[in-house]
Amino acid sequence: MRILICSDGTDREDQPARIGGLVGGGCKAEITLLGIAEEPQVEQPLRAALDSEAQLLRTYDLEPEIVVRAGDPIEQIVNQTASVAYDLVLIGGRIKQTSGHYWRSSRTYEVINAIPPPVLVASGDCERVSK
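Heads up: the sequence shown runs through residues 329 to 459, numbered per the working numbering.
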């Protein structure tokens with residue numbers, strides 16, 4: 329199984345990485361951590377965040393590949409999923425509102441609609457996955 333975990337380095341709880349570790353660790357998945365810097369000044373903090381997320385994934389006996397790209401996040405996720413076949417893509421998703429049809433950001437929906445693999449939007453607390 330191949331899993332792509334997308335990060336902008338701002339999820340303080342590392343939920344996409346944590347959930348990726350829970351899912352990927354059980355099946356010894358190949359993990360790619362994709363960090364996307366929209367602005368040049370965020371590249372170094374992004375790399376530090378990705379290193380932290382990689383450490384978290386190692387606690388699940390996974391050895392992630394780290395990829396850093398610059399530019400539009402949606403475009404970069406589309407490019408990454410076009411170049412490598414992933415079975416699952418994990419993205420963070422900030423909640424905009426608590427009700428209604430579109431309670432996630434428009435970017436979240438744009439990613440879901442733009443790429444072929446299934447997308448898991450990671451938010452909330454998750455310490456384990458069980459049957």
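Each residue gets a CB set at the ideal place from its N, CA and C atoms; glycine is no exception.
Pick from the options that is closest to residue i, judged by C-alpha positions
i, options, result
"G354", "L390, V417 and I402", "L390"
"T436", "P444, I347, G420 and P445", "G420"
"E438", "D400, R386 and G348", "D400"
"L416", "N407, E358, Q372 and G337", "E358"
"E367", "G337, L350 and L385", "G337"
"A450", "L332, V370 and Q343", "Q343"
"A377", "S335, V457, V447 and E455", "S335"
"L350", "G363, I331 and L362", "I331"
"E403", "G363, G348, K356 and D379", "G363"
"E381", "V457, R346, A413 and T409", "R346"
Three-state class that DSSP yields for residue i in the structure shown
i, result
"L350", "helix"
"T426", "In this prediction, T426 scores a pLDDT of 49, lower than 50, which makes its location untrustworthy; the coordinate-derived value is nonetheless stated afterwards. Coil, per DSSP."
"V457", "coil"
"A365", "strand"
Span separating the alpha-carbon of residue i from that of residue j
i, j, result
"P444", "Q372", "30 Å"
"V396", "I405", "11 Å"
"M329", "A365", "26 Å"
"N441", "Q383", "30 Å"
"Y388", "I333", "15 Å"
"S411", "L374", "22 Å"
"R386", "S434", "32 Å"
"R456", "N407", "31 Å"
Proximity test, Cβ basis, 8 Å: residue i and chain C
i, result
"L385", "Within the model displayed, chain C is absent; a lone protein chain is all it includes."
Run of the alpha helix (DSSP H) containing residue i, from where it starts to where it stops
i, result
"A450", "Not the alpha helix (DSSP H): A450 falls in the beta strand (DSSP E), residues V447 to A450."
"I440", "S434 to A442"
Residues bridged to residue i [DSSP beta-bridge criterion]
i, result
"R330", "E358"
"A398", "A365"
Boundaries (first-last residue) of the beta strand (DSSP E) holding residue i
i, result
"L390", "First-last for L390: undefined, no H or E at that position."
"I419", "L416 to G420"
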